[in-house]
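Under the numbering used here, the letters of the sequence shown match residues 14 to 300, in that order. Structure, as structure tokens:
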Amino acid sequence: MIAHVAEAGEASGRVVVRLAQGSFSPAAFAAAIRIARAFNSAIECLIVEDVEVLATARFPFAREVRAGGRQARPITVAALEQDMRLQSAAIERRLSSLAAAAEVPIRSRIVRDEPARALAATCADCGPWNVVVLAEPFGAQSAVLFDELLISIADATGLVVVGPRSHRAAGPVILAIEDAEALPGMLRVGERLIEDTDGRLMLALISSGGEAHHWLEAQARLVIGDRQFVDIVGIDASLGDSRVIAESLRRLRGGFMIARFGGIAVPATERLGPLGAALECPLLLVR
14 MIAHVAEAGE ASGRVVVRLA QGSFSPAAFA AAIRIARAFN SAIECLIVED
64 VEVLATARFP FAREVRAGGR QARPITVAAL EQDMRLQSAA IERRLSSLAA
114 AAEVPIRSRI VRDEPARALA ATCADCGPWN VVVLAEPFGA QSAVLFDELL
164 ISIADATGLV VVGPRSHRAA GPVILAIEDA EALPGMLRVG ERLIEDTDGR
214 LMLALISSGG EAHHWLEAQA RLVIGDRQFV DIVGIDASLG DSRVIAESLR
264 RLRGGFMIAR FGGIAVPATE RLGPLGAALE CPLLLVR
């Protein structure tokens, strides 16, 4: 799967930003706007009112715990609905303001549903070429969620996530390359992301070292040809330690990263704690 977003003038495809209840990351909003500008696309702001959260308010023992955990009070469905709307409206206004300043078209919708199902329905409605942006930082066990979204949302070509430490927008666009066949598609996306910035691309070749690295580098140089804005670095994955790989990627100080989900850099079955702790820029995941 190669990430692509339909342009604003086309009848399909958006940068779909999901706002769930809870925290959000300014880095996620910046990433959404950057992708929309790069592909001349529009933003679809999806506000999800989680039906499972609302259902908890119907239990007589449900309580709202204030910050610090010192006070608790009964909570009703009506009160929770109002809190959700107020919180979501404030976050949506912030995103709309950023989009307007960047001259990116934006529209919003409110959906009461299970979050993954709401995303799938919205992407199907927008069309076949969507990139999904999760507004909240991901946690150590988010691999299951990423796997579910990338499998279940047939109309999404990529998933943008940010870690709790994501703050950097300046720096090269890093392509985490583990398979030479993925390079041409990732390269096209990377070139779009730096088109208006005169930035650079960095190919982080992740391999077991030795002959495997030399072969992957040779293939990469054939693909990049005479492009002068591309740098190549190697990351040794022979130890199989996700912490070492995550730290190696962090030290490249990228402003954006593209990686394959389910590979060495972003495993589908392991905990994502090391990557989440190390990641300082937005990450676009593709299949």
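For each residue, glycine too, the CB sits at the ideal point set by N, CA and C. None of the values given here were measured: they were computed from a predicted structure.
Check, Outcome
"Assigned exposure category for residue 47 - 16 Cβ within 10 Å defines buried", "buried"
"Helix, strand or coil at residue 269 according to DSSP, with G and I counted as helix", "strand"
"As assigned by DSSP and simplified to three states, the class of residue 58", "strand"
"Local conformation of residue 223 per DSSP, three classes", "helix"
"Residue nearest to residue 218 in terms of C-alpha spacing, selected from 278, 238, 97", "278"
"Three-state secondary structure assigned by DSSP to residue 42", "helix"
"Sufficient close CB pairs (3 or more, under 8 angstroms) joining the stretch 249-256 to the stretch 203-218", "no"
"Rounded separation between residue 121 and residue 266 - CA only", "33 angstroms"
"Stretch pair the stretch 163-175 + the stretch 49-61: three plus CB contacts closer than 8 angstroms", "no"
"Beta-bridge pairing of residue 274 - partner residues as DSSP gives them", "279"
"For residue 200, the three-state DSSP class (helix, strand or coil)", "helix"
"Beta-bridge partners of residue 247, as assigned by DSSP", "218"
"Proximity winner among 43, 163, 145, relative to residue 108 (alpha-carbon distances)", "43"
"Cβ distance (whole Å) where residue 268 is taken to contact residue 140 below 8 angstroms", "About 28 angstroms; that fails the 8 angstroms criterion."
"Three-state class that DSSP yields for residue 240 in the structure shown", "coil"
"Backbone secondary structure at residue 122 - three-state DSSP", "strand"
"Contact between the stretch 284-294 and the stretch 131-146 (3+ Cβ pairs under 8 angstroms)", "no"
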